[in-house]
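Shown next, in structure tokens, is the structure this report addresses.
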Amino acid sequence: ISAQHVDLPLFLCTFISGVIDSSVYNAWTVFVAMQTGNTIFLSLGASNQPVTKPYGWLKSLIAISCFMFGAVLTYRISTLHNPPTTTKGIRRGKYSASSRGTLFTSFILQAAAVFLAAGPVQGGAIPGSKPHAPKKANGEVDFWELLPLVFLAMQFGAQIATSRLLGIGEIPTTVLTSVYTDLVTDPLVLKGSNVKRNRRFGSILFMLLGGICGGWISKSSAGLAGSLFVGGAIKVGVVVCWLLFPAEEVK
């Protein structure tokens, strides 16, 4: 596909991360997209904290592991048919990761993973995932929460791997720490025409808006399932975007 405006679908992916991560954290106190927070939660488990969530570290470990698995699997499959390199290590042609078929397959599977996670939540098989649901007693563990975490974390790993493969480092889609740093340290941040600055600002804005929307949706009668279905529907929209993107011009 053409690299022009490829940042637009990635902005939608960032919005999805905000919607789902805010709702999942509100329900299960774990992240599925932002793994920095999960690393801190995992480290707290070494000292058996927090005492009210004795197995919180396990949810974080599952999320981190599945996120990494989704990322590496996406990278390996997306680069499976890369054009060969020359004797000097220079690659002939574009990465296969930017092909329409690769992007379509990757994102349709990501959307399916979100809907698979939303199913048991909507059906009530995962307790505590609906608004105003009775809270679990301190120390009570619900291991069923691990099931949707697997699907959600894997597809977010695939999502960020795709943004890296497309070469859009300013829109990582799942995390903002480096984006904030790069934005304020950019010597050309006040320049009128600055694509990288605009992308970084867009990443922050779309993540913020997604988080706000996720909070309100999870607070409504739709609950966590509503946020997941919204995220999955937008991801289907991203699939359509890849199908409609113009092909790269052959010079």
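Under the working numbering, read the sequence shown as residues 4 to 254, first letter to last. By construction, the Cβ of each residue, glycine as well, lies at the ideal position given by its N, Cα and C atoms.
Query: Per-residue burial, residue 193 [other beta carbons within 10 Å of its own, 16 or more giving buried]; Result: exposed
Query: CB contact flag (residue 178, residue 77, <8 Å); Result: no
Query: Three CB pairs or more closer than 8 Å across the region 231-243 and the region 106-124; Result: yes
Query: 4 or more residues per run - each alpha helix (DSSP H) lying fully within the region 184-232; Result: 198-222
Query: Whole alpha helix (DSSP H) elements within the region 10-74, 4-residue minimum; Result: 10-31 and 38-47
Query: Residue 242 and residue 110 closer than 8 Å at C-beta; Result: yes
Query: Cβ pair count under 8 Å reaching 3, the region 159-176 against the region 5-22; Result: yes
Query: Residue 180 to residue 187 span [Cα, whole Å]; Result: 11 Å
Query: Close Cβ partners of residue 69 (< 6 Å) along its chain, the five nearest in sequence each way excluded; Result: 153, 156 and 157
Query: Assigned exposure category for residue 28 - 16 Cβ within 10 Å defines buried; Result: buried
Query: Exposure of residue 41, with buried meaning 16 or more beta-carbon neighbours within 10 Å; Result: buried
Query: Beta carbon of residue 161 nearer than 8 Å to that of residue 21; Result: no
Query: Cβ pair residue 11, residue 166 closer than 8 Å; Result: no
Query: Local Cβ density within 10 Å of residue 82, reported as buried at 16 or more and exposed below that; Result: exposed
Query: Beta-carbon proximity check, residue 101 vs residue 169, cutoff 8 Å; Result: yes
Query: Own chain partners of residue 215 with C-beta closer than 7 Å, once the 5 adjacent residues on each side are dropped; Result: none
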